[in-house]
Amino acid sequence: RAKEQGKNVFQFYAREMNASVEEKLVLLEGLRNALDCGQFSLLYQPKVDLRSGRIFGVEALIRWQHPEHGMVSPARFIALAEESGLIIPIGDWVLQTACLQARAWSDAGLPQVTMSVNVSPRQFEEKRLVERVAQALSDSGLPAHALEIEVTEGIIMRDLAQSVGKMSELKAMGVTLSIDDFGTGYSSLSALKSFPISTLKIDKSFVSDLADSADDQAIALAVISLGHRLNLRVLAEGVETEQQRRFLLENDCDEMQGYLFSRPVPAAEMQTMLLAQAQAQATLEVAA
Ligand code: C2E
Ligand code: MG
Ligand code: MG
Ligand code: MG
């Protein structure tokens, strides 16, 4: 009986594994053509100043429209793109597209917002990253200070000296840097001190239960005060409720991002939001 059950269990796992290996191969095959076939797009999620409620930046988030699987989330394909090396051309496309979009908004007369682009480990380690960033800036005509690169602690800690060197080169160009998903990775406080960054992004896993969890409150407060003592701005990601927003505002967090304000949206919708904000501002100025 036990042996039989054991065998069934094994078959079950074997089937599961085959399914995932097969799925991986299918996705990988699709991923190879996705760039050429124009299946990627970017959504943009506003970054909002907690005190004024103003949008000061947007984060570019990639989407893949697979012909059979529909919309595939980056959580599923970024790791695969990393493993296969496809992240290099895909990441280049993201950088180029995001910079062109930010430039197009400012050409359309909208006030400049910071464009944030996520960079994953292999992309960050690639030796021509700085060149690629410089290229995207010059191709688009976007000023360097309008571009921000988001990296995770894990990326930096792989080779601390080299990472800090690379970040310093980007900073020297005028590009700003932030640490994404802060608190989920491993970075020593002494290392954090040496990062040439401007913002810490509190991971959304600490924000989701902020209203009820004393532990998450303690973590959020600690990150806010650590960030401020290091002269950094602190952004909370994944803000979904008014209670979370109030807690963060009352505890001196600087910025937020999350469904409460807006989900990631297509460029045209983002442009409408930016325009509405600029018009509201202009109305205030006329009234004053
Ligand atoms: P991330 O950079 O930490 O982005 C935040 C994720 O949280 C995004 O998921 C966003 O859609 C989601 N999010 C935003 N607000 C809320 C909220 O209020 N509640 C909840 N539950 N989620 C919220 P998304 O777009 O699926 O991206 C997942 C991850 O994939 C990103 O995490 C980033 O690490 C990676 N990624 C996305 N786009 C790119 C890209 O262009 N290049 C690279 N290398 N990685 C990317
Ligand atoms: Mg990010
Ligand atoms: Mg994040
Ligand atoms: Mg994340």
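Yeah, the sequence shown ends on 892 if you go by full-length UniProt numbering, and it's all consecutive.
All C-beta atoms, glycine included, are put in the ideal place defined by N, C-alpha and C.
When you compare only the Cα positions, how much space is there between residue i and residue j?
i	j	result
D816	N835	29 angstroms
L792	S720	Before going further, note that residue 792 is Ser rather than Leu in the sequence given. So the two alpha carbons sit approximately 25 angstroms from each other.
D820	K805	15 angstroms
A884	Q848	26 angstroms
S767	L781	12 angstroms
S866	S742	30 angstroms
R736	S724	14 angstroms
L879	E859	20 angstroms
L704	A818	43 angstroms
A795	E889	44 angstroms
A685	T887	46 angstroms
R680	D763	26 angstroms
A708	G778	20 angstroms
S744	L699	10 angstroms
Y617	G695	Confidence in Y617 is poor, its pLDDT being 49 and thus under 50, which makes the residue's placement unreliable; the coordinate value appears in the next sentence. C-alpha separation (whole angstroms): 34 angstroms.
S645	W668	6 angstroms
Q643	K797	40 angstroms
F728	A712	32 angstroms
Here's a check: name, in chain order, each residue in its chain whose Cβ is nearer than 7 angstroms to the Cβ of residue i, leaving out the five neighbours to either side.
i	result
P870	L647
A750	A706, Q716, T718, M719
F810	G787, D820, I823, A824
Q881	R658, I659
V827	F786, G787, L804, I806, V838
Locate the beta strand (DSSP E) running through residue i, then write down its first and last residues.
i	result
V827	Not the beta strand (DSSP E): V827 falls in the alpha helix (DSSP H), residues 818-833.
L647	644-653
Q669	659-670
L684	That residue, L684, is in no beta strand (DSSP E); its alpha helix (DSSP H) goes 678-688.
L853	From DSSP, L853 is part of no beta strand (DSSP E) but of the alpha helix (DSSP H) over 846-854.
S656	Careful: S656 lies outside any beta strand (DSSP E) and carries neither H nor E.
Q721	Correcting the residue identity first, residue 721 is Val in this sequence and not Gln. Residues 718-722.
V843	No beta strand (DSSP E) holds V843; DSSP gives it neither H nor E.
How far does the alpha helix (DSSP H) with residue i in it extend, from its first residue to its last?
i	result
V869	From DSSP, V869 is part of no alpha helix (DSSP H); its letter is neither H nor E.
S744	733-744
V698	691-711
E729	725-729
Can you name, in chain order, every residue of its own chain whose Cβ lies under 6 angstroms from the Cβ of residue i, other than the five neighbours on each side?
i	result
H670	G634, V676
N612	Here N612 scores only 49 on pLDDT, less than 50, and its place in the model is too uncertain to base an answer on.
L746	C703, A706, R707
G758	G789
Looking only at its chain, what residues have a beta carbon closer than 8 angstroms to the beta carbon of residue i, apart from the 5 residues adjacent to it on each side?
i	result
residue 906	The chain is shown from 605 up to 892; residue 906 falls before or after that span and cannot be answered.
H832	V838, D856
M877	P650, I659, S866, V869
Inter-stretch contact (C-beta, 8 angstroms, three-pair minimum) for the segment 870-884 and the segment 843-856: no
Contiguous beta strand (DSSP E) assignments of at least 3 residues, all confined to the segment 749-830: 751-756, 780-786, 803-806
At least 3 beta-carbon pairs within less than 8 angstroms: the segment 736-755 vs the segment 774-781: yes
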